[in-house]
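*Asks:*
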Amino acid sequence: MTSKSNANALKVFPRRHLLTCEGLSANEINFLLDLADRNADHIRNNGRKRQVLAGRTLINLFFESSTRTQSSFEMAGKRLSADVMNMNVATSSVTKGETLIDTAVTLNAMRPDIIVVRHHAAGAVELLSQKVDCSVINAGDGAHQHPTQALLDALTIRRAKGRVAGLTVAICGDILHSRVARSNINVLNALGARVRIIAPTTLLPSSPERLGCEVFTDMWKGIENVDIVMMLRLQRERMESSYVPSVREFFHFFGLDHEKLARAKPDALVMHPGPMNRGVEIASTIADHSRSVIRDQVEMGVAVRMAVLEALSAHLPGFSEDAP
Amino acid sequence: MRKPIEKPKSVGPATVFINARLIDPASNRDEPGGLLVKDGVIADLGAHLRRNAPEGATVVDCKGNVLAPGLIDAQVFTGEPGYEHRETLKTASHAAAAGGVTTIVVMPDTNPVIDQVALVDFIQRRARDNALVHVHTMAAMTKGLQGEEMTEIGLLKRAGAIAFSNGKSSVVNTRVMRNALSYAKDFGALVVHHTEDPYLSSGAMNSGEVASRLGLSGVSKISETIMLERDVRLVEMTGGRYHAATISCQESLDVVRHAKARKLPVSCGVSINHLTLNENDIGSYRTFFKVRPPLRREEDRAAMVQGIANGDIDIIVSSHDPQDADTKRRPFAEAADGAVGLETLLSAALRLVHSGDITLPAMLKALTINPARLLGLHSGRLAKGAIADLVLFDPGEPWVVNKDLLRSRSKNTPFDEAKMQGRVLKTVVAGETVYEYAGVERT
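Residue numbers (the numbering used here), protein chains in the order written: chain Z, 1 to 324; chain X, 1001 to 1443.
Right under this line is the structure:
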């Protein structure tokens, strides 16, 4: 970013943290997606790493293990020349009973520039952000939010379809426990898409329609004429807690197979935030189908996270394009 | 019954409170007048004492403020024994005195649990020696609050336990609950029950739109109502005296109302939090608003207020529950439930009076004579010969809550920085002044 675009970033995206998609405007989202678009092209053209975050420190603080999100943030940070540190929670004092806030205060004292946090409890990342001076990015907090996932999904859709507004998107699966669903509902609504959610009632939150979507408990109906089918991961623990009786039954009624997909628009795209349970929520052949953009999602993940890091870095004191 | 463990009564010169607005819900009194205290009891009261101080008596000019029976709070959690860093009987009693509360009933959820005679004795003695206000002990109805084995209800009652409760958890085992109600009945003991089906209440806040948005697991109202309905059936069968500790929704109120209509010995309480706050106050994961039962929707809050106004809900409790940073400064789902409430109880309740939802006498009734009758106490009234437990308060005085100035050892108030109207000026326990507002906040 040039200093001119830096000033622009401050104006269009005046946030210090990215904690939630709730309340993000279409303007802000499009600003991030435009930045990410350029990053994606830069990477595709074998562009070298950029200097935007040279001399800046990025901490990946993952209280919940995640290979893909963590490596995606690490890659994004490194492509912007940040020094990236991965906090391995298993060997940290978190397991010794230190509270989240103590951890935050400790890390803050080391003066990082940006912390990327994933935590198993909803609201934990916001709580942590209140106790530190640096920028904080929510990489997933419980069943609450996962903003960069929704942004990368929006970018994937925009690149494949040329737009988001006016499209109908069906999000299908374990909505109740899904931060991906909540974030996507916010972003897709802000961009003018129509959102449907499809799940058995046991996997829906209460008052789901109030989240800003149309609710279906019958996938055959819910998937009719949609432009995008976004599948969610169903964790196997859900069977044990009586949310659904069995994998077989779930796949029969809520898994994405060719029969159900045939009800969507002929050019409908299939998405999945990963990691996939083939044969649980998605048929293996669909995952690898030409209409599947699941690999594009991973690619866009790095581009979007670079964009978010860039946008937030405009708020760091003494920002300049070049390293000091 | 053995001789109760209590403070010696104060003896000495009489005190007369003149120029007061006397409110006594027990006798439907609401009139200008005065009140004479001698040797710890109310010696005389009425309009004739409004301006005339008997000779030799110390005169307190109430300046038209309200003089009412001291409040009785039937649900107070302290940390003594076991969690003294959160609250002791002494600090809780200072908080109570500052809030106009002259009697507190402490809950058995301590470490160890109050499930033995020696522990009831311990609480009573510690309270006698350290507390500013009357302290009564609610004993555990099952050993260790485990919900499996009944405690020695008869002996505990004889030792001074005022009622029996399973603390913050419900007795899930229906047979144990039935037996406890039956057995307690033989001793005339009151069973106070927290009604929440544990299988349906593992969530972090009220089930609904806000929980869905915040990604928090919800607790639906039915978890409360289903347990309450079961209990009412058991009361019907056993005839045991039963009190639902804190209800939070219209549906539960309907169950209680129906039970009362059938003349069952059933009563219920509501916490001040559920009368003055709703789930929207949680905002973005504010853990000081995390309580049990969870704060419900505004409609439910309004129903609770209506329940106090028409008398369907018998008592208001603070449900004072001190929690420290260790248990509260955590992600919402992992944070402890509970809010301190003794010092703000009266001021918060006055909000409902100022908003025109309930009358001052109706509100005071649920904080004085009703809990007194429920618990079999002789206080909670302004009458000749009654113990001189009094609160003098200005119902209109504005102030702002500052959690750092709370006397409670824990500062987890949901009312921090809240504007209040109405404050306690003086609290009297058995004739002794235990709190006096100095005109400025202490620092």
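In this text, a Cβ means the ideal position worked out from N, Cα and C, and glycines have one as well.
From Z:L10, Z:A76, Z:I59, Z:A143, pick the residue whose C-alpha is nearest to that of T103 (chain Z); which is it?
*Replies:* Locating residue 103 (chain Z) in the first sequence gives position 103, where the first residue counts as 1. Per the Cα distances, Z:I59.
*Asks:* Would you mind sorting M1001 (chain X) into buried or exposed? The rule is 16 or more other CB atoms within 10 Å of its CB.
*Replies:* By one-based count along the second sequence, residue 1001 (chain X) stands at place 1. Residue confidence for M1001 (chain X) is low, a pLDDT of 49 falling below 50, so the modelled location carries little weight; the figure read from the coordinates is stated next. By the 10 Å Cβ count, M1001 (chain X) comes out exposed.
*Asks:* Which of the three DSSP states, helix, strand or coil, is assigned to I185 (chain Z)?
*Replies:* Taking the first sequence and counting its residues from 1, one reaches residue 185 (chain Z) at position 185. Reduced to three states, the DSSP call for I185 (chain Z) is helix.
*Asks:* Closer than 6 Å by C-beta to T1443 (chain X): which residues in its own chain qualify, once you throw out the five before and the five after it? Chain order, please.
*Replies:* Residue 1443 (chain X) sits at position 443 when you count from the first residue of the second sequence. Because the pLDDT at T1443 (chain X) is just 42, under 50, the model does not fix this residue reliably, and the value given afterwards should be weighed accordingly. Once the five neighbours on either side are set aside, T1443 (chain X) has no close Cβ partner at all.
*Asks:* Mind reading off the beta-carbon distance from A1139 (chain X) to F1164 (chain X)? Whole number of angstroms is fine, and I expect it under 8 Å.
*Replies:* Taking the second sequence and counting its residues from 1, one reaches residue 1139 (chain X) at position 139. Taking the second sequence and counting its residues from 1, one reaches residue 1164 (chain X) at position 164. Right, their Cβ atoms sit about 6 Å apart.
*Asks:* Check distances from the C-beta atoms of the stretch 60 to 87 of chain Z to those of chain X and list, in chain order, the residues that come in under 9 Å.
*Replies:* Result list empty, no residue passes.
*Asks:* Could you give the DSSP three-state label for A323 (chain Z): helix, strand or coil?
*Replies:* Walking along the first sequence from the start, residue 323 (chain Z) turns up at place 323. Only weak support is given to the placement of A323 (chain Z): the predicted model assigns it a pLDDT of 39, under 50, and the value that follows is read from those uncertain coordinates. The answer is coil: DSSP assigns A323 (chain Z) none of H, G, I, E or B.
*Asks:* Is any beta-carbon of chain X found at less than 8 Å from that of P208 (chain Z)?
*Replies:* By one-based count along the first sequence, residue 208 (chain Z) stands at place 208. At least one chain X Cβ lies under 8 Å of P208 (chain Z).
*Asks:* Specify the secondary structure class of H1193 (chain X) as computed by DSSP and reduced to three states.
*Replies:* Translated into positions along the second sequence, residue 1193 (chain X) becomes position 193. Three-state result, H1193 (chain X): strand.
*Asks:* Does DSSP classify Q297 (chain Z) as helix, strand or coil?
*Replies:* Here the question's residue 297 (chain Z) lines up with position 297 in the first sequence. Here Q297 (chain Z) sits in helix by DSSP.
*Asks:* For the stretch 1068 to 1089 of chain X, list every residue whose C-beta sits within 7 Å of some C-beta in chain Z, in sequence order.
*Replies:* Within the stretch 1068 to 1089 of chain X, no residue has a Cβ that lies closer than 7 Å to any Cβ of chain Z.
*Asks:* Please report the straight-line C-alpha distance between A1159 (chain X) and R1286 (chain X), rounded to a whole angstrom.
*Replies:* Along the second sequence, one-based indexing puts residue 1159 (chain X) at 159. Along the second sequence, one-based indexing puts residue 1286 (chain X) at 286. Straight-line Cα distance between these residues: approximately 41 Å.
*Asks:* Let me check one thing: in DSSP terms, what residues is C1268 (chain X) bridge-paired to?
*Replies:* Here residue 1268 (chain X) refers to the residue found at position 268 when the second sequence is read from its first residue. DSSP output for C1268 (chain X) lists X:A1244 as bridge partner(s).
*Asks:* Would DSSP call T20 (chain Z) helix, strand or coil?
*Replies:* Along the first sequence, read from residue 1 onward, the residue named residue 20 (chain Z) stands at position 20. T20 (chain Z) falls in the coil class under three-state DSSP.
*Asks:* Roughly how many whole angstroms lie between the Cα atoms of G142 (chain Z) and N186 (chain Z)?
*Replies:* As a first step, residue 142 (chain Z) is located in the first sequence; it is residue number 142 there, counting from the start. As a first step, residue 186 (chain Z) is located in the first sequence; it is residue number 186 there, counting from the start. Going by the C-alpha atoms only, they are around 17 Å apart.
*Asks:* Using a C-beta cutoff of 8 Å, does H17 (chain Z) count as contacting chain X?
*Replies:* Here residue 17 (chain Z) refers to the residue found at position 17 of the first sequence. With 8 Å as the cut-off, H17 (chain Z) does not count as an interface residue toward chain X.
*Asks:* Please confirm whether G162 (chain Z) has its beta-carbon closer than 8 Å to some beta-carbon of chain X.
*Replies:* As a position in the first sequence, residue 162 (chain Z) is number 162, starting the count at 1. No, G162 (chain Z) lies away from the interface with chain X (no Cβ there is under 8 Å from its Cβ).
*Asks:* With a threshold of 8 Å between beta carbons, is L1214 (chain X) in contact with chain Z?
*Replies:* Within the second sequence, the letter at position 214 stands for residue 1214 (chain X). Judged by the 8 Å Cβ criterion, L1214 (chain X) is in contact with chain Z.
*Asks:* Please confirm if L211 (chain Z) has its CB atom under 8 Å from at least one CB of chain X.
*Replies:* One-based indexing of the first sequence puts residue 211 (chain Z) at position 211. It does: the Cβ of L211 (chain Z) has a partner Cβ on chain X nearer than 8 Å.
*Asks:* Assuming the contact rule is C-beta atoms closer than 8 Å, A40 (chain Z) and E299 (chain Z) should be a hit. Round their C-beta distance to whole Å, please.
*Replies:* Within the first sequence, the letter at position 40 stands for residue 40 (chain Z). Within the first sequence, the letter at position 299 stands for residue 299 (chain Z). At roughly 7 Å, the Cβ-Cβ gap stays under 8 Å, so A40 (chain Z) and E299 (chain Z) are in contact.
*Asks:* Taking CB distances under 8 Å as the criterion, tell me whether E1334 (chain X) reaches chain Z.
*Replies:* Along the second sequence, read from residue 1 onward, the residue named residue 1334 (chain X) stands at position 334. Yes, because at least one Cβ of chain Z sits closer than 8 Å to the Cβ of E1334 (chain X).
*Asks:* State yes or no: is the C-beta of E1224 (chain X) within less than 8 Å of the C-beta of P1331 (chain X)?
*Replies:* The sequence position of residue 1224 (chain X) within the second sequence is 224, counting from 1. The sequence position of residue 1331 (chain X) within the second sequence is 331, counting from 1. No, Cβ-Cβ distance for E1224 (chain X) and P1331 (chain X) is not below 8 Å.
*Asks:* Runs of 4 residues minimum, wholly inside the stretch 1124 to 1193 of chain X: which ones carry the alpha helix (DSSP H) assignment?
*Replies:* Correct list: 1153 to 1158, 1174 to 1186.
*Asks:* Hey, does T1443 (chain X) have any beta-carbon neighbour from chain Z nearer than 8 Å?
*Replies:* Against the second sequence, residue 1443 (chain X) aligns to sequence position 443. Note that T1443 (chain X) scores 42 on pLDDT, short of 50, meaning its location in the model is unreliable and no value can be drawn from it.
*Asks:* Which value, in whole angstroms, describes the spacing of the CA atoms of E321 (chain Z) and G55 (chain Z)?
*Replies:* Taking the first residue of the first sequence as position 1, residue 321 (chain Z) is located at position 321. Taking the first residue of the first sequence as position 1, residue 55 (chain Z) is located at position 55. Because E321 (chain Z) carries a pLDDT of 49, less than 50, the predicted location of this residue cannot be relied on, and no value is offered for it.
*Asks:* Determine the DSSP secondary structure at A1438 (chain X), reduced to helix, strand or coil.
*Replies:* Counting from one through the second sequence, the residue named residue 1438 (chain X) turns up at place 438. In this structure, A1438 (chain X) counts as coil in the three-state DSSP scheme.
*Asks:* Determine which residues of the stretch 1284 to 1316 of chain X have a Cβ less than 8 Å from any Cβ of chain Z, and write them out in chain order.
*Replies:* Per Cβ criterion, the list reads S1284, Y1285.
*Asks:* Give a yes or no on whether the minimum CB-CB distance between A1339 (chain X) and chain Z is below 8 Å.
*Replies:* Here residue 1339 (chain X) corresponds to residue number 339 of the second sequence, with the count starting at 1. Not an interface residue.
*Asks:* With a threshold of 16 other CB atoms inside 10 Å of the CB of N1206 (chain X), please say whether the residue is buried or exposed.
*Replies:* Here residue 1206 (chain X) corresponds to residue number 206 of the second sequence, with the count starting at 1. By the neighbour-count rule (16 or more Cβ atoms within 10 Å), N1206 (chain X) is buried.
*Asks:* Using only CA atoms, which one of X:T1110, X:A1098, X:Q1124 lies nearest to E1405 (chain X)?
*Replies:* Residue numbering aside, residue 1405 (chain X) sits at position 405 when the second sequence is read from its first letter. Note on residue identity: the sequence assigns Leu, not Glu, to residue 1405 (chain X). Taking only the C-alpha atoms, the option nearest L1405 (chain X) is X:A1098.
*Asks:* What does a CB cutoff of less than 7 Å around I1387 (chain X) pick up in its chain, not counting 5 residues either side in sequence?
*Replies:* Residue mapping note: residue 1387 (chain X) aligns to position 387 of the second sequence, counting from 1. Excluding positions up to five away in sequence, the list reads G1040, V1041, H1378, S1379, A1430.
*Asks:* For the alpha helix (DSSP H) holding M1227 (chain X), just list the boundary residues, first then last.
*Replies:* Against the second sequence, residue 1227 (chain X) aligns to sequence position 227. Run containing M1227 (chain X): 1222 to 1238, per the alpha helix (DSSP H) assignment.
*Asks:* Below 8 Å on the Cβ atoms is my contact criterion, and I expect T1142 (chain X) with V1176 (chain X) to pass it. Report the Cβ-Cβ distance as a whole number of Å.
*Replies:* Numbered from 1 along the second sequence, position 142 holds the residue referred to as residue 1142 (chain X). Numbered from 1 along the second sequence, position 176 holds the residue referred to as residue 1176 (chain X). Indeed, because the Cβ distance is near 6 Å, the residues count as touching under 8 Å.
*Asks:* Measure the C-alpha to C-alpha separation of A1047 (chain X) and Y1242 (chain X) and round it to an integer number of angstroms.
*Replies:* Position 47 of the second sequence, counted from the first residue, corresponds to residue 1047 (chain X). Position 242 of the second sequence, counted from the first residue, corresponds to residue 1242 (chain X). Going by the C-alpha atoms only, they are around 39 Å apart.
*Asks:* Are the CB atoms of T1088 (chain X) and R1409 (chain X) nearer to each other than 8 Å?
*Replies:* As a working note, residue 1088 (chain X) is residue 88 in the second sequence. As a working note, residue 1409 (chain X) is residue 409 in the second sequence. Yes.
*Asks:* Please confirm if the stretch 40 to 51 of chain Z is in contact with the stretch 291 to 306 of chain Z, defined as three or more CB-CB distances below 8 Å between the two stretches.
*Replies:* Cβ pair count under 8 Å is three or more, so yes.
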